[in-house]
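Below: one structure, written as structure tokens.
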Amino acid sequence: MRAAQIQKYSKKIQVEINDIATPQIQSHEVLVKVKAAGVNPLDILNMNGSVRMIADYTLPLTLGNELSGVIEAVGDDVLNFKVGDKVYTRLPLNKIGAFAEYAAVHEDALSMMPGNLSFIEAAAVPLTALTAYQALHDVLRAEPNKKLFIPGGTGGFGAMAIPIAKSMGLTVITSGSERGRARSLSIGADQFINYKTEHYADILSDIDYVIDTLGADEIKAELSILKPQGKLVSLKAGPNYRFAVDSQFPLWKKALFGLVGARLDSLARKNQNEYRFLFVHSSGVQLQEITALVEKEDIKPSIDSTYTFEDIEKALIKVSTGHSQGKVIVTF
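Whatever position you read off the sequence shown (first residue = 1), add 1212 for the numbering used here.
Okay, here's the thing in structure tokens:
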């Protein structure tokens, strides 16, 4: 089968399309014929080695973290899936490889695809939807009738996070460029801030939760709008000691991440707030809940562009520039 691989970590966007063996499935795995795969900033981080402390891989590495496709074979002990099922997944951290014609996937990471989505649309959902779900349910433990701010929520993440947050009874505020206003409001945002004409820190206060998508430079301003005991979870600013403990990392990694995250933790403590970091993991159970919500509310992901597998390098370059409005998808 063909697979997009890297031979070494590099800042350059450079992948090889290689012919490799189709993966052999274990007893609890299925073999998925990949129809489409989402291209994400995480793939760029996997390429340049930025997340090696969280997820280190043997090289050569087949890239790609999320996919949609059709099951071609099932392991002896697989209970909930059969040949021919249309499925989608955020691949387990220890076994990525969505940029290939086939993928072996543990059944615990899988869900049936939402019936209202095409393969291309479905491939845009797992990573962002699970990130939003885990941020809101697992990390923030968000409660109904509280206020949530998502800065920069007009892209692929916001397209999933806003409806998930609304389904939990939250008041949702987001920011972005003016062209994202109509879509953000149409999918449930209660308030939209045009970041070019207003700064959220000047108009917001008493916020219960923030999901940071912008990174370390914004954390101070984001914390300033939280009420005391408010919580901020970052997808980008960096891990801290709490993250290392939750991830059950060894002692030396806990110490290292404690140092790395000390400034962010200190900023949060000054405001009587809590700083958390999230690195999304696979969960078929959570993805099944997301599937039900996507079907019930007829949620559609925000898709920027699609590329053929042969043009995967162009897709990765598009994502690396940060200029995509929604998800970039590779089709097989």
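We put the CB at the ideal spot given by N, CA and C, even for glycine.
Exposure of residue i, with buried meaning 16 or more beta-carbon neighbours within 10 Å
i	result
T1343	buried
G1534	exposed
N1485	buried
S1417	exposed
P1356	exposed
A1504	exposed
G1364	buried
G1427	exposed
A1527	buried
S1222	exposed
S1495	buried
K1359	buried
I1190	Since the first residue shown for the chain is 1213 and the last is 1544, residue 1190 is missing from the structure and cannot be characterised.
N1258	buried
V1299	buried
Beta carbon of residue i nearer than 7 angstroms to that of residue j
i	j	result
S1323	D1288	no
P1338	A1321	no
E1241	A1316	yes
A1433	A1456	no
L1499	V1445	no
I1419	I1362	no
A1371	P1513	yes
Q1537	D1516	yes
E1509	P1326	no
D1297	I1283	yes
Supposed contact pair residue j and residue i - C-beta distance, whole angstroms, cut 8 angstroms
i	j	result
G1250	E1278	4 angstroms
E1313	R1391	Actually they do not touch by this definition, with Cβ atoms about 36 angstroms apart.
K1539	A1336	4 angstroms
A1373	I1502	About 11 angstroms; that fails the 8 angstroms criterion.
V1227	G1281	20 angstroms between Cβ atoms; not a contact.
I1541	A1248	5 angstroms
Closest residue to residue i among the options (Cα-Cα distance)
i	options	result
N1452	G1261, L1397, L1505, F1469	F1469
G1400	T1366, Q1484, D1320	T1366
S1396	D1414, I1376, I1415, H1493	I1376
K1408	R1393, Y1421, L1447, D1420	R1393
I1229	G1276, R1264, D1268	G1276
G1425	V1286, G1388, F1544	Position check: residue 1425 holds Thr in this sequence, whereas Gly was assumed. Nearest C-alpha to T1425: G1388.
D1458	R1488, R1475, L1435	R1488
K1482	Q1498, P1462, R1454, I1431	I1431
Y1519	F1293, K1530, V1290	K1530
L1291	K1307, R1302, Y1300, H1318	H1318
P1253	K1448, Q1403, I1405, Q1498	K1448
K1224	I1256, I1237, L1243, P1235	I1256
R1302	Q1403, S1398, V1246	V1246
V1492	I1237, A1233, V1263, L1435	V1263
Q1236	M1259, I1511, K1307	K1307
G1368	I1511, T1543, Y1300	I1511
G1450	A1474, K1358, V1299, P1462	A1474
L1561	L1471, L1476, E1410, F1404	Since the first and last residues shown for the chain are 1213 and 1544, residue 1561 lies out of range.
I1266	A1480, E1525, L1479, Q1460	Q1460
L1479	L1463, D1429, K1378	D1429
D1231	N1260, N1406, F1311, V1472	F1311
Q1403	T1386, H1411, E1410	T1386
N1260	S1532, K1378, H1411	S1532
Y1421	E1410, K1465, H1411, I1437	I1437
Y1345	F1521, F1544, V1497	V1497
Cβ of residue i within 7 angstroms of any chain D Cβ
i	result
N1292	The displayed structure is made up of one protein chain only, and chain D is not part of it.
So, do the segment 1218–1226 and the segment 1264–1280 have three or more beta carbon pairs nearer to each other than 8 angstroms?
Flag = yes, the segment 1218–1226 and the segment 1264–1280 touch.
Can you confirm whether the segment 1346–1363 touches the segment 1319–1338 when touching is taken to mean that 3 or more C-beta pairs between the two stretches lie within less than 8 angstroms?
Because the criterion of three Cβ pairs below 8 angstroms is not met, the segment 1319–1338 and the segment 1346–1363 do not touch.
Determine, using beta-carbon pairs with one atom in the segment 1434–1444 and one in the segment 1374–1392, whether at least three such pairs fall under 8 angstroms.
Not touching, per the Cβ criterion.
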